[in-house]
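Residue numbers (the working numbering): -5 to 223. Data block below; observations after.
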């Protein structure tokens, strides 16, 4: 069976003006993954969303891989949901970045405080009770991701594929493959590590989850490289 490697992007720049770019640690995570993959597989095609962190993750993987990889084909269906909109609907005052930074700075661990608010914001969005407030509902997001996933498999035509994407799309694909409910799917999203690999096997109409959220390549290189935001 052919393989799809769903890779969550490297660590982005939390708290910076441009969150979408990789942090220095994110670049290193990508290079480590590239070195790890070089001994195992060479994808016939590479897909990714149109976010900067998706593209830069592929660039970092290619640097670590050490030989030419296919050019990344942009598939916006693999983009993450609009987390800024989702959070600001839960905490409207945080649409002002300065207010959010000030509020979070009051906590001993600002990143952890943001994560707690983020989880609540996402669950509010996915509940379906406030759909009129969002330009893309949870159901719309699921449909977008799964359409991109099936179109990618059709294009790959039996070849191995690497997809640079985000935690949300990976969780939705796992939901599709495992038949789990929304609550468990959101729980999966909360534990997907940066540059972790989720592997899907496919053949004709069959799709099977083989590996979820493997980041052993980071642990083997330096446990400090393991991040979740």
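No residue lacks a Cβ here, since even glycine has one placed at the ideal position from N, Cα and C.
When DSSP states are grouped into helix, strand and coil, residue 15 belongs to the coil group. Annotated three-state conformation of residue 221 is coil, per DSSP. For residue 69, there is no enclosing alpha helix (DSSP H), as DSSP marks it with neither H nor E. About 17 Å separates the beta carbon of residue 58 from that of residue 157, a gap too long to meet the 8 Å contact definition. Judged by pairs of C-beta atoms under 8 Å, the segment 177 to 190 does not touch the segment 122 to 131, as fewer than three such pairs exist.
Closest in alpha carbon position to residue 222, among 111, 5, 0 and 85, is 5. In this structure, residue -2 lies away from residue 205, with their beta-carbon atoms at least 7 Å apart. The beta carbon of residue 25 lies closer than 8 Å to those of 54, 55, 57 and 58 in the same chain, with the five residues before and after it left out. Going by DSSP, residue 96 is part of no beta strand (DSSP E) but of the alpha helix (DSSP H) stretching over 91 to 99. For residue 79, there is no enclosing beta strand (DSSP E); the residue is part of the alpha helix (DSSP H) that begins and ends at 77 to 84. Separation of residue 149 and residue 71 (C-alpha to C-alpha, rounded to the nearest whole angstrom) is 14 Å.
The distance from the Cβ of residue 2 to that of residue 160 is about 6 Å, consistent with a contact at the 8 Å cut-off.
When beta bridges are read from the DSSP output, residue 192 appears opposite 0.
A straight-line Cα-Cα distance of about 19 Å links residue 88 and residue 130.
For residue 42, the secondary structure class from DSSP, reduced to helix, strand or coil, is strand. Closest in C-alpha terms to residue 68, from the list 147, 32, 96 and 48, comes 48.
By DSSP's assignment, residue 203 forms a beta bridge with 194.
Restricting attention to 39, 35 and 52, the CA atom closest to the CA of residue 15 is found in 52.
The segment 30 to 40 makes no contact with the segment 77 to 91, as fewer than three CB pairs between them are under 8 Å. Counting every other CB atom within 10 Å of its CB across the protein chains shown gives residue 93 a total below 16, marking it as exposed. In the structure shown, residue 51 falls within a helical segment according to DSSP collapsed to helix, strand and coil. A residue is called buried when at least 16 other Cβ atoms come within 10 angstroms of its Cβ; residue 110 does not meet this threshold and is exposed.
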